[in-house]
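Report on the following structure.
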Amino acid sequence: MSFTVKTPTPILEALQAFAPTSSKNTLKKWLKSKRVFVNGHIVEDAKALLSQGSTLSLGPRKEYFRASIEILYEDSNLIVIYKPPGLLSVATDKKEFYTAHGLLKSRVPGKKVFPVHRLDKDTSGILVFAYTETARESLKKQFEEHSIYREYRAVLLGRLEEKKGTWTSYLKETASFHVYECAPCPEAMEAITHYEVLHETPKTSFVKFILKTGKKNQIRVQAAHRGFPVLGDKKYGTSSFERLALHAYALHFIHPISTKKLCFTYPYPKEFATFLPKTFP
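In case it helps, my numbering puts the sequence shown at residues 63 to 343.
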């Protein structure tokens, strides 16, 4: 969220207008902790005077950033992170600041950060963002050509009869953003997912998914359509779990500049352990 200064104003007065319920001490703490940005640059001086048209914004608390995302790899061209469940990948509304994309932009104000792909809000796992347009175009092309390896782990409700195979279907989306399977037609998107059951309990299946395509809600819709919804999926299945039991476990791609193959994995969440033996790798 941002605030535009209409007339030349001392920064503390501008902050008071931006956050009228906050005390003066709180506003000074924001400045001291480098959370206040003016036109994309950090401002710490409590005596600063803002010119007309300046844009004032507030960055996240540092502890929020540390608790929200974990950096797995970073260079001048791209960054690979772990996104926890409950955090949007990118904003769906200009007012949404607490997204993986927004948090990365707040690390180095003024630095460009380009989204390349997304994870559903309630899905945890690995995400890559580009720092340059060249890197973005290269990564987007790899996604479009389905040359990037994407592996997910999920807990499904029920036991699959076929323990290994491929789901091929066609997906459409309603005006209310609900994705569903349909017959092949020009408006539908083909979705291909390879799967393998890694472990079972009497009522659940722990499954490895490898995406051939990457359509919105692909795994969740295909699993639910076959009668095995992802545990905790309030949208397409059952909510009888503390979170959506879907995790982006592995991501392999070619570095846009060096052309070296980069491979990343992030352990499945501890909540999944309830459905696995203690000796499970």
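All C-beta atoms, glycine included, are put in the ideal place defined by N, C-alpha and C.
Could you tell me which residues DSSP pairs with residue i in its beta bridges?
i, result
"residue 72", "111"
"residue 103", "100"
"residue 257", "227, 271"
"residue 320", "Answer by DSSP bridge pairing: none, since residue 320 is not bridged."
"residue 177", "191"
"residue 309", "186, 215"
"residue 399", "With the chain covering 63 to 343 only, the question about residue 399 has no answer from this structure."
As a quick exercise: from the options, pick the residue whose alpha carbon is nearest that of residue i.
i, options, result
"residue 110", "71, 252, 204, 182", "71"
"residue 255", "220, 246, 280", "280"
"residue 150", "180, 269, 121", "180"
"residue 261", "223, 298, 247, 282", "223"
"residue 131", "73, 278, 298, 166", "166"
"residue 229", "290, 297, 89", "290"
"residue 89", "76, 100, 101", "76"
"residue 100", "247, 87, 206, 118", "118"
"residue 231", "288, 265, 210, 205", "288"
What does a CB cutoff of less than 6 Å around residue i pick up in its chain, not counting 5 residues either side in sequence?
i, result
"residue 142", "134, 135, 190, 326"
"residue 194", "139"
"residue 98", "92, 105"
"residue 286", "298, 299"
"residue 120", "97"
"residue 241", "233, 235, 278, 279, 283"
"residue 312", "213, 327"
"residue 259", "222, 225, 267, 269"
"residue 293", "217, 219, 303, 307"
Using a Cβ-Cβ cutoff of less than 8 Å, which residues in the same chain neighbour residue i once the five nearest sequence positions on both sides are dropped?
i, result
"residue 103", "171, 172"
"residue 309", "185, 186, 187, 214, 215, 216, 328, 330, 331, 334"
"residue 161", "149, 150, 151, 152, 153"
Tell me whether residue i is buried or exposed, calling it buried when 16 or more other Cβ atoms sit within 10 Å of its Cβ.
i, result
"residue 237", "exposed"
"residue 80", "buried"
"residue 315", "buried"
"residue 320", "exposed"
"residue 245", "exposed"
"residue 284", "buried"
"residue 182", "buried"
"residue 137", "exposed"
"residue 115", "exposed"
"residue 277", "buried"
"residue 239", "exposed"
"residue 208", "exposed"
Could you give the C-beta distance for residue i and residue j, rounded to a whole number, given that I count them as a contact under 8 Å?
i, j, result
"residue 85", "residue 147", "Rounded, the Cβ-Cβ distance is 33 Å, inconsistent with contact."
"residue 257", "residue 271", "5 Å"
"residue 197", "residue 318", "4 Å"
"residue 275", "residue 304", "The Cβ separation is near 29 Å, so there is no contact."
To which residues of the same chain is residue i closer than 7 Å at the C-beta, ignoring the five residues directly before and after it?
i, result
"residue 174", "193"
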